[in-house]
Amino acid sequence: MLTRLSDFLSRRSAFVLVFVLLEAGMLAGLLKGVGQLHASTTGVATTRGVGGASTCSTLALTFRRTATERDITLLLTQYGATIVYGPDENSAYLVRLPDTLPLAETAAALRESAVIDDVRPQSACRTN
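Residues 2 to 129 in my numbering are what the sequence shown spells out, letter by letter.
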């Protein structure tokens, strides 16, 4: 029986078998790494306020039609803000502000900007 097995596993078939086993091991490692990456990002929503009662520094901004990309970039840079989502069905962009800025005062200042058409506070953060 062993002679038949050794005949079956010639040099080429042994190489192919080792290669297939290595590929399977690499694929298993890759899938394990992806699973760990997914598991590590599932807690982000609760730490940012989506799952809990806390709020975050997010505003829904509608820019004027006359606002240029440069105007919007300068305004967002001035406040250290980043667009996290948008535009939505109302042409609004969700903009995250640094937690160090007072949200009510920043929203009032943005309402006075020539670039902004509408400002609405958001009750929860988006994670995407």
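All C-beta atoms in this analysis are idealised placements derived from N, C-alpha and C, irrespective of residue type, glycine included.
Computed from a predicted model, the values in this text were never measured in an experiment.
Reduced DSSP category for residue i - H, G, I as helix; E, B as strand; rest coil
i	result
residue 59	strand
residue 75	helix
residue 130	No statement about residue 130 is possible, as the shown extent of the chain runs from 2 to 129 and does not include it.
Cutoff 7 Å; reference residue i; Cβ partners in own chain excluding five residues on either side
i	result
residue 122	60, 104, 108
Candidates the options: closest to residue i by CA position
i	options	result
residue 98	58, 32, 64	58
residue 78	111, 89, 33	111
residue 62	115, 5, 28	115
Cβ of residue i within 8 Å of any chain C Cβ
i	result
residue 26	As a matter of chain content, chain C is missing from the structure shown, which is built from one protein chain.
Residue i classed as buried or exposed, judged by whether at least 16 other C-beta atoms fall within 10 angstroms
i	result
residue 3	exposed
residue 117	buried
residue 76	buried
Rounded C-alpha distance that separates residue i from residue j
i	j	result
residue 113	residue 89	22 Å
residue 106	residue 26	56 Å
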